[in-house]
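Asks: In the numbering used here, the protein residues as written are 5 to 287. I have a structure I would like to understand better, so I am pasting it below and will then ask my questions one at a time.
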């Protein structure tokens with residue numbers, strides 16, 4: 005019996021984009037949903053986006069590297085001399101302030117990879133590589149070896165991964181299909197012109213026996229509504245999030261810009277204080 009599967013990835017806290025993607029998938033008749041990780045940060049979504057996914061038929065739910073920033077902020081020593089570490093720790097504190105402990109425990113218990121059968125096909129699903137949810141091995145221009153590695157030790161017909169924020173359809177060396185649904189909340193391209201399209205991206209699979217069709221979806225959403233929500237919720241690094249939403253500019257590797265924002269808003273001390281409070285609550 006034919007099935008439709010909506011593959012979502014890399015929401016990055018963008019509430020409005022996730023709402024738009026889910027609404028489109030529901031209208032298209034999705035039977036189930038796979039989420040490939042990176043639900044949180046730097047956008048304003050927290051418990052509300054966990055709840056959104058819980059209300060639909062998510063049969064695969066993975067943990068991304070940005071989700072791991074929650075654990076890193078809470079359980080490891082933050083290097084406050086590194087501006088981008090402050091950035092991710094402050095955003096992690098924001099998320100944990102706005103969701104219950106059970107959400108944190110649920111997310112931290114998720115796998116980074118899984119396999120799932122639909123009809124007569126087996127899919128291997130991961131945020132990045134099956135063994136690790138971070139790194140730059142699977143960028144579109146990466147060596148074929150890393151794409152073949154998606155299948156290593158896995159008896160699967162199709163591989164789907166997230167993490168790069170770029171839609172992909174290519175093959176392994178033996179011809180098996182490899183797909184990337186792109187990013188719901190933070191699509192990316194090296195080309196500035198291509199970054200102007202800020203639509204929410206996801207993949208709709210139609211599977212029938214051993215056959216599948218892939219529909220790469222690009223769904224408009226109201227960026228002004230998203231920024232209004234971020235403002236109302238006092239999202240830290242609001243100006244950086246605005247640049248991401250409207251222009252596709254990310255800052256997790258931009259220490260200079262982040263250091264300036266940290267100084268202007270006193271985020272170093274604020275992050276220390278917030279994490280001290282959160283550690284008392286969580287431990």
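Every residue gets a Cβ at the ideal spot worked out from N, C-alpha and C, and that includes glycine.
1) Starting from residue 31, trace the alpha helix (DSSP H) both ways and give me its first and last residue.
2) Report yes or no: do three or more beta-carbon pairs, one from the segment 234-250 and one from the segment 86-102, lie closer than 8 Å?
3) Classify residue 280 as helix, strand or coil using the three-state DSSP reduction.
4) Please state whether the Cβ-Cβ distance between residue 142 and residue 132 is less than 8 Å.
5) What are the boundary residues of the beta strand (DSSP E) that includes residue 185?
6) So the alpha helix (DSSP H) residue 53 belongs to, where does it begin and stop?
7) Can you list, in chain order, the residues of its chain with a C-beta nearer than 6 Å to that of residue 33? Leave out the 5 residues immediately preceding and following it.
8) Who does residue 136 pair with in a DSSP beta bridge?
9) Using only alpha-carbon positions, find the residue among 137, 231 and 62 that is nearest to residue 120.
10) Here's the rule I'm using: 16 or more other beta-carbon atoms within 10 Å means buried, otherwise exposed. How should residue 214 be labelled?
11) Ignoring anything shorter than 3 residues or poking outside the segment 82-129, list the beta strand (DSSP E) runs there in chain order.
12) Report, in whole angstroms, the separation of the C-beta atoms of residue 43 and residue 15, which I expect to be a contact under 8 Å.
13) Span of the alpha helix (DSSP H) holding residue 204?
14) Can we say the segment 172-187 touches the segment 200-208, given the rule of at least three CB pairs closer than 8 Å?
15) Comparing C-alpha positions only, which one of 103, 179, 128 and 150 sits nearest to residue 55?
16) Determine the direct distance from the alpha carbon of residue 91 to that of residue 262, and round the result to whole angstroms.
17) Which partner residues of residue 15 appear in the DSSP bridge assignment?
18) On the DSSP bridge list, what partners appear for residue 38?
19) To the nearest angstrom, report how far apart residue 108 and residue 234 are at their CA atoms.
20) Can you tell me whether residue 194 is buried or exposed? The criterion is at least 16 other CB atoms within 10 Å of its CB, across all chains shown.
21) Quick one: Cα of residue 88 to Cα of residue 46, how far?
22) What are the boundary residues of the alpha helix (DSSP H) that residue 196 is part of?
23) My understanding is that residue 68 touches residue 167, with C-beta atoms under 8 Å, so please give their C-beta distance in whole angstroms.
24) With residue 255 as the anchor, note down where its beta strand (DSSP E) starts and where it stops.
25) Please list, in chain order, all residues of the same chain as residue 237 whose beta carbon is under 7 Å from its beta carbon, the five residues on each side excluded.
26) Indicate the three-state DSSP secondary structure (helix, strand or coil) for residue 159 in the structure shown.
27) Would you call the CB atoms of residue 18 and residue 281 closer than 8 Å?
28) Taking residue 199 as the reference, give the member of 159, 170, 212 and 79 with the closest Cα.
Replies: By the coordinates alone:
1) Indexing the chain shown from 1 puts residue 31 at position 27. Residue 31 -> alpha helix (DSSP H) spans 19-31.
2) Segment contact: the segment 234-250 against the segment 86-102, three or more CB-CB distances shorter than 8 Å; contact assigned.
3) In the chain shown, counting from the first residue as 1, residue 280 sits at position 276. Looking at residue 280 - three-state DSSP - the assignment turns out to be helix.
4) The residue you call residue 142 lines up with position 138 of the chain shown. The residue you call residue 132 lines up with position 128 of the chain shown. Cβ distance < 8 Å, so residue 142 and residue 132 count as in contact.
5) The residue labelled residue 185 in the question sits at position 181 within the chain shown. Unbroken beta strand (DSSP E) run through residue 185: 181-185.
6) Reading the chain shown from its first residue, position 49 is the one you call residue 53. 51-58 is the span of the alpha helix (DSSP H), which, as asked, contains residue 53.
7) As a position in the chain shown, residue 33 is number 29, starting the count at 1. Excluding positions up to five away in sequence, the list reads 8.
8) In the chain shown, the residue the question calls residue 136 occupies position 132. Paired residue(s): 133.
9) As a working mapping, residue 120 is identified with position 116 in the chain shown. It is 62 whose Cα lies nearest to the Cα of residue 120.
10) Indexing the chain shown from 1 puts residue 214 at position 210. An exposed status is given to residue 214, since fewer than 16 other beta-carbon atoms sit within 10 Å of its beta-carbon.
11) 117-122
12) Position 39 of the chain shown, counted from the start, is the residue given in the question as residue 43. Position 11 of the chain shown, counted from the start, is the residue given in the question as residue 15. About 5 Å separates the Cβ atoms of residue 43 and residue 15, confirming a contact at the 8 Å cut-off.
13) Translated into positions along the chain shown, residue 204 becomes position 200. Per DSSP, residue 204 belongs to no alpha helix (DSSP H); it is in the beta strand (DSSP E), 204-212.
14) yes
15) As a working note, residue 55 is residue 51 in the chain shown. Comparing Cα-Cα distances from residue 55 to each of 103, 179, 128 and 150, the minimum goes to 103.
16) For the purposes of this step, residue 262 is taken as residue 258 along the chain shown, with counting starting at 1. For the purposes of this step, residue 91 is taken as residue 87 along the chain shown, with counting starting at 1. Those two C-alpha atoms are separated by around 7 Å.
17) Stepping through the chain shown from its first residue, residue 15 is reached at position 11. Bridge partners of residue 15: none, in fact.
18) As a position in the chain shown, residue 38 is number 34, starting the count at 1. Answer is 11 and 64, bridged to residue 38.
19) Here the question's residue 108 lines up with position 104 in the chain shown. Here the question's residue 234 lines up with position 230 in the chain shown. In a straight line, the C-alpha of residue 108 is about 21 Å away from that of residue 234.
20) The residue given as residue 194 occupies position 190 in the chain shown. So residue 194 counts as exposed.
21) As a working note, residue 88 is residue 84 in the chain shown. As a working note, residue 46 is residue 42 in the chain shown. Distance between the alpha carbons of residue 88 and residue 46 is about 12 Å.
22) For this step, residue 196 is matched to residue 192 along the chain shown. Segment 196-199, the alpha helix (DSSP H) holding residue 196.
23) Counting from 1 along the chain shown, the entry for residue 68 is found at position 64. Counting from 1 along the chain shown, the entry for residue 167 is found at position 163. About 7 Å separates the two Cβ atoms, so the contact holds.
24) Taking the first residue of the chain shown as position 1, residue 255 is located at position 251. Taken as a continuous stretch (DSSP letters only), residue 255 belongs to no beta strand (DSSP E), as it is neither H nor E.
25) One-based indexing of the chain shown puts residue 237 at position 233. Once the five neighbours on either side are set aside, the close Cβ partners of residue 237 are 48.
26) Residue 159 sits at position 155 when you count from the first residue of the chain shown. Three-state DSSP puts residue 159 in coil, outside helix and strand.
27) Mapped onto the chain shown, residue 18 falls at position 14. Mapped onto the chain shown, residue 281 falls at position 277. Taking 8 Å as the Cβ cut-off, residue 18 and residue 281 do not qualify as a contacting pair.
28) For the purposes of this step, residue 199 is identified with residue 195 of the chain shown, where counting begins at 1. Minimum Cα distance to residue 199 is reached at 170.
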